[in-house]
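Visitor: Just so it is clear: in the sequence shown, position 20 is 373 by our numbering, and no numbers are missing. Let me give you the structure first, and then I'll get to my questions.
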Amino acid sequence: MKSKKAMSPLFSTIILIGFAIALGGVVMSWGKSTYGNYEPGKIEVVCEKLSISLVDYGNNKGVCNKENALYVTMQNDGEVGIEGIKVSVLGKGSIYSTRVNKKIGAGDVVKLKVPYDNVGKIDKLIFVPITSLSGQEKVCPKNGFSVENVGEC
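The structure is reproduced here in structure tokens:
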């Protein structure tokens, strides 16, 4: 009988275990890069650090209205930057909502012109900050504010 050389069972088991570990590492790495940005609660922590407010100076109350445009002086008085602001104009006739894509760094003050559709007499304005973390966008309505009695500029 000829003697045949073959791989020992112990050696083949070690190779299979090494292959399984390598494959598991690749799958875990792929999963972490795909779903790593979606840790629950992480974006909510960022929302807790957001705060915006109107800047009240002189006779200017921070917001006024002229020819279907709002003129707003706003401050980011939170700890993180803002990617944009959702503005809702509530009027007698209808509601108009828009997004202002203006990055506002922590502590920055900006003047914004926000055009809007005719909604009749303005009853209320609602400003809501929008933030982003690792490409995931989040609207933070609890950190916004509303304004009534908007005067003419």
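Even for Gly, the Cβ is constructed at its ideal location relative to N, Cα and C. All values derive from a computational prediction rather than experimental measurement.
Would you say residue 343 and residue 477 are within 7 Å of each other, going by their C-beta atoms?
Guide: The structure shown has nothing for residue 343, since the chain only spans 354 to 506.
Visitor: Please identify the residue among 435, 382 and 428 whose C-alpha is closest to the C-alpha of residue 486.
Guide: 435
Visitor: Taking the C-alpha atoms as reference points, what is the distance between residue 363 and residue 370?
Guide: 11 Å
Visitor: Between which two residues does the beta strand (DSSP E) holding residue 417 run?
Guide: 416 to 418
Visitor: Can you tell me the Cα-Cα spacing of residue 505 and residue 457, whole angstroms?
Guide: Distance from the CA atom of residue 505 to the CA atom of residue 457, rounded to whole angstroms, is 25 Å.
Visitor: Can you tell me where the beta strand (DSSP E) holding residue 427 begins and where it ends?
Guide: 422 to 429
Visitor: Judging by CA-CA distance, which residue of 383, 403, 450 and 426 is the nearest neighbour of residue 491?
Guide: 403
Visitor: Only counting the same chain, and skipping five residues up and downstream in sequence, which positions put a Cβ closer than 6 Å to that of residue 391?
Guide: Model confidence at residue 391 stands at a pLDDT of 47, short of 50, so the residue's coordinates are unreliable and nothing is read from them.
Visitor: Whose C-alpha, out of 470, 495 and 360, is nearest the C-alpha of residue 418?
Guide: 470
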